[in-house]
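Those letters in the sequence shown? Residues 0 to 276, by numbering that gives the first Met the number 0.
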Amino acid sequence: MHHRPAAISSAEYESFRLFLQEACGILLGNGKEYLVSSRLGNVMKEARVDSLGALTKMISSSVHSRLRVKVIDAMTTNETFWFRDIGHYLLLKETILPDLNRQGGGSIRIWSAACSSGQEPYNISMIAEEYQAFKGVGRAVQIEATDISSKVLDEARAGVYCGLAVERGLTHEQQRRFFIPKDNCLEVRPEIKRRVSFKSLNLTSSYPSMGKFDVIFCRNVLIYFANDLKKTIVERMADALNPGGYLFLGSTESINQLTDRFEMRVGHGGISYRLKS
């Protein structure tokens with residue numbers, strides 16, 4: 000008989016929600032018990048606990064720090080696919096990179112915040128590759144990719160994608176151009192990997208050590224945070240941008256209620272926000 004974890008009581012759910020919010024700022028909405036059960040099923044089996052309450056008790060103690068990391072990994076890993084919100088990438092290639100190249104200077108620095116398993120930063124690198132091949136060599140592009148989950152960062156660094164993880168959003172031509180076949184999977188080519196460096200970062204902490212960026216991608220992340228934390232994160236990102244730098248949010252996210260430091264730029268089916276000088 001298939002063993003199922005016990006149903007989640009409202010008290011258990013509430014204490015887990017509090018744990019998650021304190022650990023990484025994520026605000027779990029009401030009625031997400033199914034999501035918690037499905038994402039934590041394997042972790043609970045491994046930890047040999049059959050209730051969310053028992054798991055929360057374990058991860059709240061400092062003895063179980065590795066289990067705590069596993070729980071945060073499971074709850075923060077999002078399914079991503081290639082060239083999600085294609086308008087953003089077209090806007091980057093057709094408008095923003097030409098604009099930044101005209102300004103001259105050192106490398107163009109782009110931050111992929113909450114990069115998950117690496118599709119977004121590698122996509123940005125592919126766009127830079129296409130732009131530079133088309134325009135001749137412009138300014139070099141450097142991409143910093145960060146995530147709270149050490150597990151997905153290891154996957155992202157490896158840059159090997161199998162099955163559906165390859166097929167979702169890539170044409171055969173792009174598969175040939177940007178990847179090398181590897182054991183029935185595809186590995187991102189070295190020239191695409193070279194532009195990207197990965198590091199662990201919690202968006203709820205401050206990040207002056209990251210330096211200044213020309214473009215920040217922070218897509219489909221803010222939806223997880225409470226409103227005051229959203230405001231703080233957007234303000235910090237504004238501080239991390241060079242004058243006139245660009246911010247991308249998810250296509251369903253809006254900046255209007257959060258700050259007035261940006262002006263909207265629309266084109267190629269995408270929306271970006273440019274820091275007012």
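Built from N, CA and C at the ideal position, the CB exists for glycine as well.
Contact defined as beta carbons within less than 8 Å: I believe residue i pairs with residue j. What is the distance between those atoms, to the nearest angstrom?
{"i": "Asn201", "j": "Ile147", "result": "5 Å"}
{"i": "Glu11", "j": "Gly40", "result": "In fact, because the Cβ distance is near 15 Å, the residues do not count as touching under 8 Å."}
{"i": "Glu284", "j": "Glu190", "result": "Nothing about residue 284 can be read from this structure; the chain reaches only from 0 to 276."}
{"i": "Arg188", "j": "Gln141", "result": "That pair is no contact at about 17 Å."}
{"i": "Ala73", "j": "Arg38", "result": "5 Å"}
{"i": "Met236", "j": "Ile222", "result": "About 15 Å; that fails the 8 Å criterion."}
{"i": "Phe18", "j": "Thr55", "result": "6 Å"}
{"i": "Gly86", "j": "Gly269", "result": "3 Å"}
State buried or exposed for residue i, treating a residue as buried only when at least 16 other CB atoms are found within 10 Å of its CB.
{"i": "Gly105", "result": "exposed"}
{"i": "Asn183", "result": "exposed"}
{"i": "Arg47", "result": "exposed"}
{"i": "Val35", "result": "buried"}
{"i": "Phe261", "result": "buried"}
{"i": "Thr145", "result": "buried"}
{"i": "Lys275", "result": "exposed"}
{"i": "Asn255", "result": "exposed"}
{"i": "Asn29", "result": "exposed"}
{"i": "His2", "result": "Here His2 scores only 48 on pLDDT, less than 50, and its place in the model should not be relied on; the value that follows carries that caveat. Exposed is the call here."}
{"i": "Ile179", "result": "exposed"}
{"i": "Leu163", "result": "exposed"}
{"i": "Ser124", "result": "buried"}
{"i": "Phe263", "result": "Note that residue 263 corresponds to Met in the displayed sequence, not to Phe. Under this definition Met263 is an exposed residue."}
{"i": "Gly24", "result": "buried"}
{"i": "Arg194", "result": "buried"}
{"i": "Asp84", "result": "buried"}
{"i": "Asp153", "result": "exposed"}
{"i": "Cys161", "result": "exposed"}
{"i": "Met0", "result": "Note on Met0: pLDDT 39, under 50, position unreliable in the model; the coordinate value appears next. By the neighbour-count rule (16 or more Cβ atoms within 10 Å), Met0 is not buried but exposed."}
{"i": "Lys181", "result": "exposed"}
How about residue i: is its C-beta nearer than 7 Å to some C-beta of chain C?
{"i": "Ile58", "result": "Among the chains in the structure shown there is no chain C, since it carries only a single protein chain."}
Considering only DSSP beta bridges, list what residue i is partnered with.
{"i": "Gln20", "result": "DSSP output for Gln20 lists no bridge partner at all."}
{"i": "Met263", "result": "Tyr272"}
{"i": "Lys198", "result": "Thr145"}
{"i": "Leu246", "result": "Ile215, Tyr272"}
{"i": "Phe133", "result": "Its beta-bridge partners do not exist; DSSP assigns none."}
{"i": "Asn107", "result": "Checking the displayed sequence, the identity of residue 107 turns out to be Ile instead of Asn. Val140."}
{"i": "Pro180", "result": "Leu185"}
{"i": "Ile123", "result": "DSSP lists no partner for Ile123."}
{"i": "Phe224", "result": "Ile25"}
Grab the span of the alpha helix (DSSP H) containing residue i for me, first residue to last.
{"i": "Lys69", "result": "64-75"}
{"i": "Val35", "result": "32-46"}
{"i": "Lys92", "result": "Note, Lys92: premise wrong, no alpha helix (DSSP H); not H, not E."}
{"i": "Asn100", "result": "96-102"}
{"i": "Phe58", "result": "According to the sequence provided, residue 58 is Ile. The question's Phe does not apply to it. Looking at the DSSP string, the run of the alpha helix (DSSP H) that includes Ile58 is 51-58."}
State the DSSP-derived secondary structure class of residue i, mapped to helix, strand or coil.
{"i": "Glu143", "result": "strand"}
{"i": "Met0", "result": "Residue placement at Met0 is poorly supported in this model, since its pLDDT is 39, which falls under 50; the coordinates are not used for a value here."}
{"i": "Arg218", "result": "coil"}
{"i": "Glu186", "result": "strand"}
{"i": "Arg175", "result": "helix"}
{"i": "Ala112", "result": "strand"}
{"i": "Asn241", "result": "strand"}
{"i": "Val165", "result": "helix"}
{"i": "Asp84", "result": "coil"}
{"i": "Lys230", "result": "helix"}
{"i": "Tyr206", "result": "coil"}
{"i": "Val159", "result": "strand"}
{"i": "Ile254", "result": "coil"}
{"i": "Ile191", "result": "helix"}
{"i": "Ile7", "result": "coil"}
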